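Note sheet for the following structure.
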């Protein structure tokens, strides 16, 4: 089985199972549109809320996290994956602190990647312009 998609509310159990079996899990980092759940993190000039799911899964299973972006290339339907960070969870320590620090690290890495290659992310233009207007 190559891939299986799970809606956000039903993804943690299957993801834990896959990691325990040595399979790869891919998560899309996406902010929450409303509500008070999730961590408040500065991203693209605004405070947004994110679930720390990736860091939590990494801590629980001791699996490393790769922070990756996908770039469109000039040739149609050709893409390139870029590895921006590789995060290995510690064997011990403060669970909550590591999960929160790691979630912020992932989002800071993605923020920097988006800002360095702005044309790749047209959906961000409105967010960045709005962020600049408030500063």
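Residue numbers (our numbering): 11 to 145. Heads up, the beta-carbon is just placed ideally off N, CA and C, and yes, glycines get one too. Since we're looking at a predicted model, the values are computed, not measured.
Residue i versus residue j - alpha carbon distance
| i | j | result |
| --- | --- | --- |
| residue 29 | residue 55 | 33 Å |
| residue 107 | residue 58 | 19 Å |
| residue 20 | residue 36 | 14 Å |
| residue 119 | residue 126 | 11 Å |
Per-residue burial, residue i [other beta carbons within 10 Å of its own, 16 or more giving buried]
| i | result |
| --- | --- |
| residue 143 | Bear in mind that a pLDDT of 47 at residue 143, under 50, signals an unreliable position, so the model cannot answer this. |
| residue 148 | Residue coverage of the chain in this structure runs from 11 to 145, which leaves residue 148 outside it and unanswerable. |
| residue 38 | exposed |
| residue 64 | buried |
| residue 117 | buried |
Residues bridged to residue i (per DSSP)
| i | result |
| --- | --- |
| residue 78 | 93 |
| residue 50 | 59 |
Residue i and residue j closer than 8 Å at C-beta
| i | j | result |
| --- | --- | --- |
| residue 53 | residue 121 | yes |
| residue 51 | residue 114 | yes |
| residue 68 | residue 112 | yes |
| residue 49 | residue 110 | yes |
beta-carbon residue i near the ligand GDP non-hydrogen atom, thresh 7 Å
| i | result |
| --- | --- |
| residue 85 | Judged by which ligands are present, the structure shown has none, so any question about the ligand GDP falls away. |
The stretch 96-107 touching the stretch 78-85, judged by at least three CB pairs closer than 8 Å: Here the stretch 96-107 does not lie against the stretch 78-85, with fewer than 3 beta-carbon pairs under 8 Å apart.
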